[in-house]
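S.K.:
Protein chains: 2
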Amino acid sequence: MNLEDQYIPQISLDCVIFGFHASQLKVLVLRFKNSDFFALPGGFIRQDEDLNEAAQRVLMERTGLTDVYLEQFYTFGQRERGEVRMQREWAEVNKRDVPQWLEKRFISVGFYALVDFSKVNLTMDAISDSCDWIDINELPVLMMDHTLMVAKALETLRLELNQKWLVFNLLPEIFTIAELQKVYETILGRTLLRTNFQRKILSLDILKRIEKKYTGKAHKAPYLYRFNKPENEDKFY
Amino acid sequence: MNLEDQYIPQISLDCVIFGFHASQLKVLVLRFKNSDFFALPGGFIRQDEDLNEAAQRVLMERTGLTDVYLEQFYTFGQRERGEVRMQREWAEVNKRDVPQWLEKRFISVGFYALVDFSKVNLTMDAISDSCDWIDINELPVLMMDHTLMVAKALETLRLELNQKWLVFNLLPEIFTIAELQKVYETILGRTLLRTNFQRKILSLDILKRIEKKYTGKAHKAPYLYRFNKPENEDKFY
DNA sequence: AGCTATTGTATCATCTGGATACAATAATCG
DNA sequence: CGATTATTGTATCCAGATGATACAATAGCT
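Protein chains in written order, with the working numbering: chain Y, 1 to 237; chain Z, 1001 to 1237.
#1: Establish whether the CB of Y:Leu-51 and some CB of chain Z are separated by less than 8 angstroms.
#2: Can you give the beta carbon distance from Z:Val-1109 to Z:Thr-1075, rounded, assuming they're within the 8 angstroms contact cut?
#3: Can you tell me the Cα-Cα spacing of Y:Gln-181 and Y:Leu-192, whole angstroms?
#4: Roughly how many whole angstroms lie between the Cα atoms of Y:Ser-130 and Y:Gln-10?
#5: Taking a Cβ distance cut-off of 7 angstroms, strictly less, list which residues of the segment 1100–1114 of chain Z are near chain Y, in chain order.
#6: What's the gap between the Cα of Z:Ala-1153 and the Cα of Y:Met-60?
#7: Does the structure place the segment 1193–1200 of chain Z close enough to the segment 1031–1039 of chain Z that three or more beta carbon pairs sit under 8 angstroms?
#8: Does DSSP put Y:Gln-181 in a helix, a strand or coil?
#9: Could you check what DSSP says for Z:Gln-1229 in three-state terms: helix, strand or coil?
#10: Looking at chain Y, which residues of the segment 1176–1205 of chain Z have a Cβ within less than 9 angstroms of any of its Cβ atoms?
#11: Going by the CB atoms, is the gap between Z:Tyr-1225 and Z:Ile-1177 shorter than 8 angstroms?
#12: Whole angstroms are fine: how far does the CA of Z:Ile-1201 sit from the CA of Y:His-70?
#13: Anything in the segment 1037–1050 of chain Z with a Cβ closer than 8 angstroms to a Cβ of chain Y? List those residues in chain order, please.
#14: If contact is defined by three or more beta carbon pairs under 8 angstroms, each pair taking one atom from either stretch, is the segment 1115–1124 of chain Z in contact with the segment 1015–1028 of chain Z?
#15: Within 8 angstroms (strictly less), CB to CB, does Y:Gln-10 reach chain Z?
#16: Whole angstroms are fine: how far does the CA of Z:Asp-1135 sit from the CA of Y:Arg-79?
#17: Give me the residue from Z:Glu-1179, Z:Glu-1103, Z:Ala-1039, Z:Asp-1005 with the minimum Cα distance to Z:His-1146.
#18: Can the beta-carbon of Y:Arg-31 be found closer than 8 angstroms to that of Y:Ser-128?
#19: Exposed or buried, Z:Ser-1203, counting other C-beta atoms within 10 Å across all chains shown (16 or more means buried)?
#20: Just to make sure I have the definition right: I need the residues of chain Y whose C-beta is within less than 9 angstroms of the C-beta of Z:Gln-1163. Which are they?
#21: Does the CB of Y:Gln-56 have a neighbour CB from chain Z at under 8 angstroms?
#22: What residues are listed by DSSP as bridge partners for Z:Arg-1046?
#23: Say whether chain Z places a C-beta atom closer than 8 angstroms to the C-beta of Y:Gln-6.
#24: Determine whether the Cβ of Z:Tyr-1074 lies closer than 8 angstroms to any Cβ atom of chain Y.
#25: How is the alpha helix (DSSP H) around Y:Ser-128 delimited, first residue to last?
#26: Going by beta-carbon coordinates alone, are Z:Val-1027 and Z:Val-1150 separated by less than 8 angstroms?
#27: Of the residues Y:Ser-12, Y:Arg-62, Y:Gln-163, which one's Cα is nearest the Cα of Y:Ile-45?
#28: State buried or exposed for Z:Pro-1230, treating a residue as buried only when at least 16 other CB atoms are found within 10 Å of its CB.
#29: Considering only their Cβ atoms, is the gap separating Z:Lys-1212 from Z:Ala-1218 smaller than 8 angstroms?
#30: Whose C-alpha, out of Y:Gln-24, Y:Cys-15, Y:Gln-6, is nearest the C-alpha of Y:Asn-137?
#31: Under 7 angstroms Cβ-Cβ, which residues of chain Z neighbour Y:Arg-79?
#32: State buried or exposed for Y:Arg-62, treating a residue as buried only when at least 16 other CB atoms are found within 10 Å of its CB.
#33: Taking C-beta to C-beta, are Z:Leu-1148 and Y:Gly-77 nearer than 8 angstroms?
#34: Could you tell me the boundaries of the beta strand (DSSP E) in which Y:Lys-212 lies?
#35: Just the Cα atoms here: how many angstroms apart are Z:Phe-1227 and Z:Tyr-1214?
#36: Spell out whether any CB of chain Z is found under 8 angstroms from the CB atom of Y:Phe-20.
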């Protein structure tokens, strides 16, 4: 069975995978073998597969992640997204032919994912030789329109931040309010007043207080919390 | 030149076109020749054409509309969107063969458009024999997943309503605050307090008061306004 | 034991939005 | 022709949310 029969031609998907670590918002970026080409993890859609399922599969195959918060944010359909040239350059470097199937123009559906950094166990695939978390403010130049994709994904994330309970996907099960606040601040790109943030978050009645945290630091220990999803999803903020 | 060379295979796009008239939010729906099949206006993407341009073109070709507020809202990639069956049924009714090209599974990018009802001059295409504005609450059963598309488009519209200056695309150049309020109410699906709506809208500093309206009605005449887009797009609501 | 950095909570002022009141006014009706 | 009616424009009161500041509690350090 050839590629054309197995996958839908001229459509791809790419994933902007967000993680949070050391007070920084990070994106998972692949580096192609024997090259300085960086790209987002992406893949194709099988003929007998739902688009959204394909995204889950691609994410799994290329990064080992499963059960991830994953959502479409935009479909990139520029005539000249740059793939062909880039693919060729990469193929030259690697002394391989680009399959004819890949020569054509592609339309790519962009997904963004939110993952718990601490749970990620990266697996490498055949073409990429490194796969790293990179601070959103220190991204290298990415292949094709992938830089635009990250920008657009972040924009969507900011917009949806206060519409859905997204942030908790970026945190471990248990966390402090200070950590939670840091996530908000990093995504929004601005600082928030600690006391008011605390009041607001607690008033939402979505956090379950667990116990005191042993910090080992020379100051009062904060409480630990767990996200407690409310039954009534209707109202928000 | 055959279809396969001209258009990207297995990708389509569909448009949910919103208009406002007689205090109702309406959607433009096509009815196929010799059938009871209703569908959204849609089309395909040329090999040498941007996705978003294709949407503008399709809109133009099928409805005569140009310069329209048009935006992606979701990409529909269910394995079984129902096209094949529906296409066949329609083809049978019309004693025509479905081109092989169309037999395959399609992924469709959904766009929504906001148009000034008063400016629309509908033109019919070859396959549809009627093209009507239908109240969003009185839609017939639509082909494939188009009913879902309308629902998702409306959801997006509601979300973006307070993020961007969308509503004014649905109104003529000049309007009263009462008319503006009616648009908000219809989209949001609930009534708003007149006095507070007026205060809020005027405080945003986006309306230019023109003159008094001669109504011919037995009561105080309202002012007319024009939308005055602010330079600073940053802050909103 | 006192110091320091941080946390948890209270409080005050300000802003925003819901609700009500009321004067202004353009036609119509008696 | 003045009273009536429906609607518009604006003011005001009140409750709840948010911004800003104050301060006591506390875990480890010196």
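All C-beta atoms in this analysis are idealised placements derived from N, C-alpha and C, irrespective of residue type, glycine included.
Bear in mind that the values here come from a model prediction, so they are computed numbers and not experimental data.
M.R.: In terms of the structure at hand:
#1: Here the question's residue 51 of chain Y lines up with position 51 in the first sequence. It does: the Cβ of Y:Leu-51 has a partner Cβ on chain Z nearer than 8 angstroms.
#2: Here residue 1109 of chain Z corresponds to residue number 109 of the second sequence, with the count starting at 1. Here residue 1075 of chain Z corresponds to residue number 75 of the second sequence, with the count starting at 1. Correct: roughly 5 angstroms between the Cβ atoms.
#3: The residue labelled residue 181 of chain Y in the question sits at position 181 within the first sequence. The residue labelled residue 192 of chain Y in the question sits at position 192 within the first sequence. Using only the alpha carbons, I get a separation of about 8 angstroms.
#4: Counting from 1 along the first sequence, the entry for residue 130 of chain Y is found at position 130. Counting from 1 along the first sequence, the entry for residue 10 of chain Y is found at position 10. Spanning the two alpha carbons is a distance of roughly 26 angstroms.
#5: Against chain Y - using a Cβ distance shorter than 7 angstroms - the residues of the segment 1100–1114 of chain Z are Arg-1105, Ile-1107, Val-1109.
#6: Numbered from 1 along the second sequence, position 153 holds the residue referred to as residue 1153 of chain Z. Numbered from 1 along the first sequence, position 60 holds the residue referred to as residue 60 of chain Y. The straight-line gap from Cα to Cα measures roughly 30 angstroms.
#7: Judged by Cβ distances under 8 angstroms, the segment 1031–1039 of chain Z makes no contact with the segment 1193–1200 of chain Z, as fewer than three pairs qualify.
#8: Stepping through the first sequence from its first residue, residue 181 of chain Y is reached at position 181. Y:Gln-181 falls in the helix class under three-state DSSP.
#9: Taking the second sequence and counting its residues from 1, the one referred to as residue 1229 of chain Z is at position 229. The question names Gln, but residue 1229 of chain Z is Lys in the sequence shown. Here Z:Lys-1229 sits in coil by DSSP.
#10: Taking 9 angstroms as the upper bound on Cβ-Cβ separation, chain Y lies near no residue of the segment 1176–1205 of chain Z.
#11: Numbered from 1 along the second sequence, position 177 holds the residue referred to as residue 1177 of chain Z. Numbered from 1 along the second sequence, position 225 holds the residue referred to as residue 1225 of chain Z. Z:Tyr-1225 is positioned such that its CB atom lies closer than 8 angstroms to that of Z:Ile-1177.
#12: For the purposes of this step, residue 70 of chain Y is taken as the residue at position 70 of the first sequence. For the purposes of this step, residue 1201 of chain Z is taken as the residue at position 201 of the second sequence. The identity of residue 70 of chain Y in the sequence shown is Leu, whereas the question assumes His. Near 36 angstroms, if we compare the C-alpha coordinates of Z:Ile-1201 and Y:Leu-70.
#13: Answer set for the segment 1037–1050 of chain Z: Ile-1045, Gln-1047, Asp-1048, Glu-1049, Asp-1050.
#14: Yes: the two stretches touch, three or more of their Cβ pairs being nearer than 8 angstroms.
#15: Reading the first sequence from its first residue, position 10 is the one you call residue 10 of chain Y. Residue contact with chain Z for Y:Gln-10: present (Cβ-Cβ distance below 8 angstroms to some residue of chain Z).
#16: Working through the first sequence from its first residue, we reach residue 79 of chain Y at position 79. Working through the second sequence from its first residue, we reach residue 1135 of chain Z at position 135. So the two alpha carbons sit approximately 36 angstroms from each other.
#17: As a position in the second sequence, residue 1146 of chain Z is number 146, starting the count at 1. Out of Z:Glu-1179, Z:Glu-1103, Z:Ala-1039, Z:Asp-1005, Z:Ala-1039 has the C-alpha closest to the C-alpha of Z:His-1146.
#18: The residue labelled residue 31 of chain Y in the question sits at position 31 within the first sequence. The residue labelled residue 128 of chain Y in the question sits at position 128 within the first sequence. Yes, the pair counts as a contact, with Cβ atoms nearer than the cut-off.
#19: Looking up residue 1203 of chain Z in the second sequence gives position 203. So Z:Ser-1203 counts as exposed.
#20: Taking the second sequence and counting its residues from 1, one reaches residue 1163 of chain Z at position 163. In chain order: Leu-159.
#21: Position 56 of the first sequence, counted from the start, is the residue given in the question as residue 56 of chain Y. It does not: the Cβ of Y:Gln-56 has no partner Cβ on chain Z nearer than 8 angstroms.
#22: Sequence index remark: in the second sequence, residue 1046 of chain Z carries index 46 (1-based). Beta-bridge pairing links Z:Arg-1046 to Z:Tyr-1007.
#23: Within the first sequence, the letter at position 6 stands for residue 6 of chain Y. It does not: the Cβ of Y:Gln-6 has no partner Cβ on chain Z nearer than 8 angstroms.
#24: Position 74 of the second sequence, counted from the first residue, corresponds to residue 1074 of chain Z. It does; some Cβ of chain Y falls within 8 angstroms.
#25: The count along the first sequence starts at 1 and reaches residue 128 of chain Y at position 128. Per DSSP, Y:Ser-128 belongs to no alpha helix (DSSP H); it is in the beta strand (DSSP E), 128–135.
#26: Within the second sequence, numbered from 1, the residue matching residue 1027 of chain Z stands at position 27. Within the second sequence, numbered from 1, the residue matching residue 1150 of chain Z stands at position 150. Taking 8 angstroms as the cut-off, the beta carbon of Z:Val-1027 is found closer than this to the beta carbon of Z:Val-1150.
#27: Looking up residue 45 of chain Y in the first sequence gives position 45. Closest by alpha carbon: Y:Ser-12.
#28: For the purposes of this step, residue 1230 of chain Z is identified with residue 230 of the second sequence, where counting begins at 1. That one is exposed.
#29: What you label residue 1218 of chain Z is simply residue 218 of the second sequence in a count that begins at 1. What you label residue 1212 of chain Z is simply residue 212 of the second sequence in a count that begins at 1. Cβ atoms of Z:Ala-1218 and Z:Lys-1212: not closer than 8 angstroms.
#30: Taking the first sequence and counting its residues from 1, one reaches residue 137 of chain Y at position 137. Of the candidates Y:Gln-24, Y:Cys-15, Y:Gln-6, Y:Gln-24 places its Cα closest to the Cα of Y:Asn-137.
#31: Locating residue 79 of chain Y in the first sequence gives position 79, counting from the first residue. Listed by position along chain Z, the residues whose Cβ is nearer than 7 angstroms to that of Y:Arg-79 are Asp-1048, Glu-1049, Asp-1050.
#32: Start at 1 with the first residue of the first sequence, and residue 62 of chain Y comes out as number 62. Result: buried.
#33: Residue mapping note: residue 1148 of chain Z aligns to position 148 of the second sequence, counting from 1. Residue mapping note: residue 77 of chain Y aligns to position 77 of the first sequence, counting from 1. For Z:Leu-1148 and Y:Gly-77, no; Cβs fall outside 8 angstroms.
#34: In the first sequence, the residue the question calls residue 212 of chain Y occupies position 212. Residues 207–212.
#35: Within the second sequence, the letter at position 227 stands for residue 1227 of chain Z. Within the second sequence, the letter at position 214 stands for residue 1214 of chain Z. When rounded, the distance between both Cα atoms is 20 angstroms.
#36: Counting from one through the first sequence, the residue named residue 20 of chain Y turns up at place 20. Chain Z, which has no Cβ nearer than 8 angstroms to the Cβ of Y:Phe-20, makes this no.
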